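Participant:
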């Protein structure tokens with residue numbers, strides 16, 4: 013029985029993926045564990061191993077084409093097995109391993125192709141998040157239900173979002189099987205899909221506004237599509253609330269100079285170098301993490317059923333990469349020293365730009381920092397990146413006139429704007445968080461202890 017090779021889910025938000033390249037050709041002999049193909053997700057390139065040994069046949073997953081998670085992309089026939097004896101689903105589905113590629117992502121091919129006639133059609137029903145008339149279910153649950161002759165739609169799922177899992181199948185079998193859902197249930201009125209109040213302009217409408225030949229069209233890649241989708245979701249589903257404060261930086265800049273001057277020297281491949289070189293952003297990350305610990309109610313995420321109160325301050329940091337943006341996360345930033353944060357951030361940013369981050373290095377987090385001060389931007393408001401409930405937009409430090417005790421003084425001032433999810437962080441709570449941050453930035457010895 014040939015082993016089906018599917019497009020696995022390697023990213024939390026992944027509904028479709030693109031194969032950027034195959035490492036084996038049609039008819040090639042592969043061994044279990046060999047790198048079979050590479051997937052380009054929205055943030056990284058992942059290598060997928062062969063789930064079995066044998067001859068690769070019917071490669072339907074074309075490079076550069078959007079493929080639903082769980083759809084078959086090829087089959088592997090065991091040595092000596094009769095070609096054409098396909099199995100609908102293999103027990104190995106979902107057991108393939110994925111790891112970031114050594115060489116980084118390969119840009120996808122523009123456009124899309126339909127599968128050749130006569131080859132298996134791509135189905136969205138076998139992935140973890142795919143839906144079929146039988147409802148949500150894991151691949152294992154689907155196979156077990158089919159083998160037991162159970163009707164999947166008649167089984168109540170206890171997994172995430174009501175997904176049917178193996179335990180639900182086992183329970184149904186123990187009860188003697190599941191019956192069909194009564195017809196009346198399927199005849200319940202289905203609410204009409206809501207239409208957006210204002211539809212965006214179509215591609216044709218946009219292009220008609222410009223003279224033909226006055227522009228070039230560059231197709232969106234996966235990263236740009238994902239950024240666009242998530243930003244629209246964030247701005248249309250999260251009630252943003254903004255708070256702005258000015259922070260004086262002179263004490264922080266003085267401390268940073270002292271700490272960098274005191275950095276021990278270590279030997280590297282390029283000679284001796286300081287063990288660390290702190291940036292203002294490193295100190296902002298630490299201060300934001302400590303502010304969240306000081307105001308724990310603001311260290312939260314919103315879900316429809318409950319407020320998620322985080323025990324650690326995991327700070328995502330916006331990093332610009334070619335063609336988009338990614339937010340690698342400094343985990344437990346409140347507990348780490350500035351030198352650890354600085355070196356960890358340099359490593360994450362470097363690997364982000366070459367798309368070598370692992371999903372767990374950029375997914376999750378409890379807040380985020382976006383710093384455009386290096387571009388001279390005075391202040392701005394950032395878009396919340398769920399599941400975060402807050403994001404801090406950091407502007408440039410600049411000399412400004414300030415009033416102290418009735419006298420005008422010159423100080424280096426940085427404006428920061430906190431965007432909050434008003435469902436999770438109310439105005440007063442957000443203000444409390446921002447004041448705690450300002451106190452740490454203006455009295456930076458506090459972030460050393």
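Residue numbers (this note's numbering): 13 to 461. Note that beta-carbon positions come from the ideal geometry of N, C-alpha and C, so glycine has one too. These numbers come from a predicted model, not from an experiment.
With a Cβ-Cβ cutoff of 7 Å, do residue 396 and residue 374 count as a contact?
Facilitator: Mapped onto the chain shown, residue 396 falls at position 384. Mapped onto the chain shown, residue 374 falls at position 362. Contact annotation: residue 396 and residue 374 have beta-carbon atoms that are not nearer than 7 Å.
Participant: If you follow the beta strand (DSSP E) that residue 332 is in, where does it begin and where does it stop?
Facilitator: What you label residue 332 is simply residue 320 of the chain shown in a count that begins at 1. Taken as a continuous stretch (DSSP letters only), the beta strand (DSSP E) holding residue 332 covers 331-333.
Participant: On the CB-based measure, 16 or more other CB atoms within 10 Å of its CB, does residue 420 come out buried or exposed?
Facilitator: Locating residue 420 in the chain shown gives position 408, where the first residue counts as 1. By the 16-neighbour rule on beta-carbons within 10 angstroms, residue 420 is exposed.
Participant: Please classify residue 311: is it buried, with 16 or more other beta-carbons within 10 angstroms of its beta-carbon, or exposed?
Facilitator: Position 299 of the chain shown, counting from 1, holds the residue named residue 311. Classification for residue 311: buried.
Participant: According to DSSP, is residue 91 helix, strand or coil?
Facilitator: The residue you call residue 91 lines up with position 79 of the chain shown. Looking at residue 91 - three-state DSSP - the assignment turns out to be coil, as it is neither helix nor strand.
Participant: Apart from the five residues just before and just after residue 276, which ones in its own chain have a Cβ nearer than 6 Å to its Cβ?
Facilitator: The sequence position of residue 276 within the chain shown is 264, counting from 1. Once the five neighbours on either side are set aside, the close Cβ partners of residue 276 are 287.
Participant: What span of residues does the beta strand (DSSP E) with residue 78 cover, start to end?
Facilitator: The sequence position of residue 78 within the chain shown is 66, counting from 1. First-last of the beta strand (DSSP E) with residue 78: 78-80.
Participant: Does the structure place the segment 397-406 close enough to the segment 424-436 that three or more beta carbon pairs sit under 8 Å?
Facilitator: yes
Participant: CA-CA distance, residue 260 and residue 363?
Facilitator: What you label residue 260 is simply residue 248 of the chain shown in a count that begins at 1. What you label residue 363 is simply residue 351 of the chain shown in a count that begins at 1. One C-alpha to the other measures close to 33 Å.
Participant: With DSSP as the reference, label residue 223 as helix, strand or coil.
Facilitator: If you number the chain shown from 1, residue 223 lands on position 211. Reduced to three states, the DSSP call for residue 223 is coil.
Participant: Run the CB neighbour count on residue 18, radius 10 Å, all protein chains shown included, and call it buried at 16 or more, exposed below.
Facilitator: Here residue 18 corresponds to residue number 6 of the chain shown, with the count starting at 1. Residue 18 comes out buried.
Participant: State the DSSP-derived secondary structure class of residue 250, mapped to helix, strand or coil.
Facilitator: Looking up residue 250 in the chain shown gives position 238. Reduced to three states, the DSSP call for residue 250 is coil.
Participant: Residues in its own chain within less than 6 Å of residue 434 by CB, not counting five upstream and five downstream?
Facilitator: Counting from 1 along the chain shown, the entry for residue 434 is found at position 422. These residues qualify, in order along the chain: 251 and 253.
Participant: Evaluate contact between the segment 382-392 and the segment 267-274, counting only Cβ atoms and requiring at least three cross-stretch pairs below 8 Å.
Facilitator: no
Participant: Using CA atoms only, rank isn't needed, just tell me which of 439, 67, 441 and 297 is closest to residue 460.
Facilitator: In the chain shown, residue 460 corresponds to position 448, counting from 1. Considering only alpha carbons, the answer is 297.
Participant: List the whole-angstrom C-beta distance separating residue 262 from residue 350, where the pair is believed to meet the contact cut-off of C-beta under 8 Å.
Facilitator: Numbered from its first residue, the chain shown carries residue 262 at position 250. Numbered from its first residue, the chain shown carries residue 350 at position 338. Contact doesn't hold; Cβ gap of about 18 Å is too wide.
Participant: Taking the alpha-carbon positions, what's the residue 365 to residue 159 distance?
Facilitator: If you number the chain shown from 1, residue 365 lands on position 353. If you number the chain shown from 1, residue 159 lands on position 147. Near 46 Å, if we compare the C-alpha coordinates of residue 159 and residue 365.
Participant: Of the choices 52, 59 and 29, whose alpha-carbon is the least far from that of residue 36?
Facilitator: On the chain shown, position 24 is the one that residue 36 refers to. Checking every option, the nearest Cα to that of residue 36 belongs to 59.
Participant: With a Cβ-Cβ cutoff of 7 Å, do residue 33 and residue 50 count as a contact?
Facilitator: Working through the chain shown from its first residue, we reach residue 33 at position 21. Working through the chain shown from its first residue, we reach residue 50 at position 38. Yes, the Cβ-Cβ distance between residue 33 and residue 50 is below 7 Å.
Participant: Determine the closest residue to residue 291 out of 370, 181 and 357, with distance taken between C-alpha atoms.
Facilitator: Reading the chain shown from its first residue, position 279 is the one you call residue 291. Answer by Cα proximity: 357.
Participant: State the start and end residues of the unbroken beta strand (DSSP E) segment that holds residue 178.
Facilitator: Numbered from 1 along the chain shown, position 166 holds the residue referred to as residue 178. First-last for residue 178: 178-186, but that is the alpha helix (DSSP H), not the beta strand (DSSP E).
Participant: Hey, quick one: how far does the alpha helix (DSSP H) through residue 268 stretch, first residue to last?
Facilitator: In the chain shown, counting from the first residue as 1, residue 268 sits at position 256. Its alpha helix (DSSP H) spans residues 262-273.
Participant: Quick one: what does DSSP say residue 355 is sitting in, helix, strand or coil?
Facilitator: The residue given as residue 355 occupies position 343 in the chain shown. Note: residue 355 maps to helix in three-state DSSP.
Participant: According to DSSP, residue 406 sits in a beta bridge with which residue or residues?
Facilitator: If you number the chain shown from 1, residue 406 lands on position 394. According to DSSP, which records beta bridges pairwise, residue 406 is partnered with 383 and 428.
Participant: Within 10 Å of its beta-carbon, does residue 326 have 16 or more other beta-carbons around it, so buried, or fewer, so exposed?
Facilitator: Within the chain shown, the letter at position 314 stands for residue 326. Looking at its Cβ environment, which holds 16 or more other Cβ atoms inside 10 Å, residue 326 is buried.
Participant: What's the gap between the Cα of residue 71 and the Cα of residue 318?
Facilitator: Sequence index remark: in the chain shown, residue 71 carries index 59 (1-based). Sequence index remark: in the chain shown, residue 318 carries index 306 (1-based). Cα to Cα, the separation comes out at about 44 Å.
Participant: Quick one: Cα of residue 255 to Cα of residue 443, how far?
Facilitator: Within the chain shown, residue 255 is the residue found at index 243, counting from 1. Within the chain shown, residue 443 is the residue found at index 431, counting from 1. Roughly 7 Å separates the two Cα atoms.
Participant: Tell me where the beta strand (DSSP E) around residue 444 begins and ends.
Facilitator: In the chain shown, residue 444 corresponds to position 432, counting from 1. Looking at the DSSP string, residue 444 is not in any beta strand (DSSP E); the run it does join, the alpha helix (DSSP H), is 439-454.
Participant: Taking the CB atoms as reference points, tell me whether residue 23 and residue 371 lie closer together than 7 Å.
Facilitator: Taking the chain shown and counting its residues from 1, the one referred to as residue 23 is at position 11. Taking the chain shown and counting its residues from 1, the one referred to as residue 371 is at position 359. Contact flag set, yes.
Participant: Decide if residue 462 is buried, meaning its Cβ has at least 16 other Cβ atoms within 10 Å, or exposed.
Facilitator: Summary: the structure shown does not reach residue 462, with the chain confined to residues 13 through 461, and so no result is reported for it.
Participant: Could you give the residue range of the alpha helix (DSSP H) that holds residue 337?
Facilitator: Residue 337 sits at position 325 when you count from the first residue of the chain shown. It is not in any alpha helix (DSSP H) - residue 337 instead sits in the beta strand (DSSP E) that spans 336-338.
Participant: Just checking my contact of residue 346 with residue 302 at CB under 8 Å: how many whole Å lie between their CB atoms?
Facilitator: By one-based count along the chain shown, residue 346 stands at place 334. By one-based count along the chain shown, residue 302 stands at place 290. Going by Cβ atoms, the distance from residue 346 to residue 302 rounds to 5 Å, so yes, they are a contact pair.
Participant: Just to confirm the assignment, what range does the alpha helix (DSSP H) spanning residue 320 have?
Facilitator: Walking along the chain shown from the start, residue 320 turns up at place 308. Per DSSP, residue 320 belongs to no alpha helix (DSSP H); it is in the beta strand (DSSP E), 319-321.
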